[in-house]
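Number of protein chains: 2
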Amino acid sequence: MSLSMYEASIPVFSRVLTNLSAILGKAAAHAESQGIDPAVLINARLAPDMFPLSRQVQIATDAVKGAAARLAQVDTPSFADTESSFADLQERVAKTQAFIQCISADQVNGSESLPISIKTPNRELNFSGQTFLLSFALPNLYFHVTTTYAILRHNGVALGKMDYLGAA
Amino acid sequence: MSLSMYEASIPVFSRVLTNLSAILGKAAAHAESQGIDPAVLINARLAPDMFPLSRQVQIATDAVKGAAARLAQVDTPSFADTESSFADLQERVAKTQAFIQCISADQVNGSESLPISIKTPNRELNFSGQTFLLSFALPNLYFHVTTTYAILRHNGVALGKMDYLGAA
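Next comes the structure, spelled out in structure tokens:
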């Protein structure tokens, strides 16, 4: 077995989405059992100038579909950013999962040196496929999933780090 | 260029430590400029049953040195968990950086199938080197660095995601 661009991306993304879905499931169950309006959690933020939970989930799924599409050199599916319930957010995670399941190892492997350019509001970031995956796509994905987790923990949802890491 | 276990670990860890150090530097400067006791930030938490900032940094550096040592099959250096200032935390990050800089590509490459076992308070987790790196060590590291960032943002420190991602 040798590490490949596919192994370091698609199955990792899939695992993160599975864990994110489980975390959202626990959040929805917490709101239900505690009589909390789910919108309170969905709109919760850690700071007034940070994004709310819904946007964190949107960006996490964007990070996955964007990275998978760039590495496989296929078009990125576009989702309207209109999710307002846990069911909506779960559907978005599921659509992202379905998209990446259709990407094969052959499409991603060999992308180490593929030129990848990301436009941010301030500048353009230029990467090779390998540096894009390792120093942008993965840390960015984990940033938004961890922030989702942190928003929920800060609001009293009973989660542990194993919910984030997933089953071994 | 082909993706390797070394490329997916040591340079990535080094980059994360560099970014973590810069974030801690901005936090210390914020405390200084705002007349805030640095201990307030160092002991801040996002929830009463989450770890404070100091422990997040300790665990992030433990994640790096533990993962690097396991993949390279060398002993993990032990640090006393006694940091109580930003200078102490910076020293810990620097010691971790110095440790991993001494690990060569030859020591880590080929570790894809290396059996790695992690004892948690509740159970033992068994991995191959590849699954350990991709589904445990990296997400765990990003979890604690993002939580450090989130604690500081929640407490008003002016940081942006590029501080976490680092220079492209």
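Here the protein sequences line up with chains F and L, keeping their order.
Numbered by numbering that gives the first Met the number 0, the letters in the first sequence go through residues 0 to 167 in order.
Numbered by numbering that gives the first Met the number 0, the letters in the second sequence go through residues 0 to 167 in order.
Just so you know, even glycine gets a beta-carbon here, dropped at the ideal spot from N, CA and C.
Legend entry - Backbone secondary structure at S171/F - three-state DSSP: Shown here, chain F extends from 0 to 167; a query on residue 171/F therefore has no answer.
Legend entry - Within chain L, partners of T146/F - CB distance below 7 Å: T145, A149
Inset, instruction - With DSSP collapsed to three states, give me the class of P120/L. - result: coil
Legend entry - Three or more C-beta pairs below 8 Å linking the segment 62-72 of chain F and the segment 0-16 of chain F: yes
Inset, instruction - Check whether the segment 143-155 of chain F touches the segment 17-26 of chain F, counting contact only when three or more Cβ pairs, one atom from each stretch, lie closer than 8 Å. - result: yes
Inset, instruction - With 8 Å as the limit, tell me which residues of the segment 25-44 of chain F have their beta carbon closer than that to any beta carbon of chain L; keep them in chain order. - result: none
Inset, instruction - State whether the segment 133-145 of chain F contacts the segment 47-61 of chain F, with contact taken as three or more CB pairs (one from each stretch) at a distance under 8 Å. - result: yes
Legend entry - Touch test, the segment 127-141 of chain L against the segment 107-119 of chain L, Cβ-Cβ under 8 Å, three pairs minimum: yes
Inset, instruction - Please list, in chain order, all residues of the same chain as Q89/F whose beta carbon is under 7 Å from its beta carbon, the five residues on each side excluded. - result: S20, L23
Legend entry - Neighbourhood of N139/L by C-beta, 7 Å cutoff - its chain only, sequence neighbours within 5 removed: A62
Inset, instruction - Figure out for me which residue from L70/F, A43/F, Q57/F, Y163/F has the closest Cα to the Cα of N108/F. - result: L70/F
Inset, instruction - Answer yes or no: do F135/L and L164/F have a C-beta to C-beta separation smaller than 8 Å? - result: yes
Inset, instruction - Using a threshold of 8 Å, state whether the C-beta atoms of A30/L and L40/L are closer than that. - result: yes
Inset, instruction - Compare the C-beta of V11/L with all C-beta atoms of chain F and state if any pair is closer than 8 Å. - result: yes
Legend entry - CB contact below 8 Å: K160/L versus chain F: yes
Inset, instruction - Would you kindly work out how many angstroms separate the C-alpha atoms of I234/L and S77/F, rounded to a whole number? - result: Absent from the model: residue 234/L. The displayed extent of chain L is 0 to 167, so no value can be given.
Legend entry - Residue-chain proximity (Q129/L, chain F), Cβ-Cβ < 8 Å: yes
Inset, instruction - Let me know the secondary structure DSSP gives I35/F once reduced to three states. - result: coil
Inset, instruction - Step through the CB atoms of chain F and report whether any lies within less than 8 Å of the CB of L133/L. - result: yes
Legend entry - Environment of R122/L [buried if 16+ CB atoms lie within 10 Å]: exposed
Legend entry - Alpha carbon of A38/F to alpha carbon of P120/F, nearest angstrom: 29 Å
Legend entry - Proximity to A46/L [Cα-Cα], best of H153/F, V73/F, M161/F, D87/F: H153/F
Inset, instruction - Just list the alpha helix (DSSP H) runs in the segment 80-133 of chain L, keeping only unbroken ones of 4 residues or longer that don't cross its boundaries, in chain order. - result: 85-100, 104-107, 128-131
Inset, instruction - Mark Q96/F as exposed unless 16 or more other C-beta atoms lie within 10 angstroms of its C-beta, in which case mark it buried. - result: buried
Legend entry - Residue burial classification, T81/F (beta-carbon count within 10 angstroms, cutoff 16): exposed
Legend entry - Residues in the segment 70-91 of chain L having any Cβ partner in chain F nearer than 8 Å: none
Legend entry - C-beta contact flag for A166/F and L133/L at 8 Å: no
Inset, instruction - Tell me, please, whether the CB atom of R14/L is closer than 8 Å to any CB atom in chain F? - result: yes
Inset, instruction - Determine, using beta carbons only, whether R54/F comes closer than 8 Å to chain L. - result: no
Inset, instruction - Would you verify that the beta carbon of P120/L is, or is not, closer than 8 Å to some beta carbon of chain F? - result: no
Inset, instruction - Measuring alpha carbon to alpha carbon, tell me which of L137/F, Q57/F, V156/F ends up nearest D87/F. - result: Q57/F
Inset, instruction - Check the Cβ of L137/L against every Cβ in chain F and list those closer than 7 Å, keeping chain order. - result: L137
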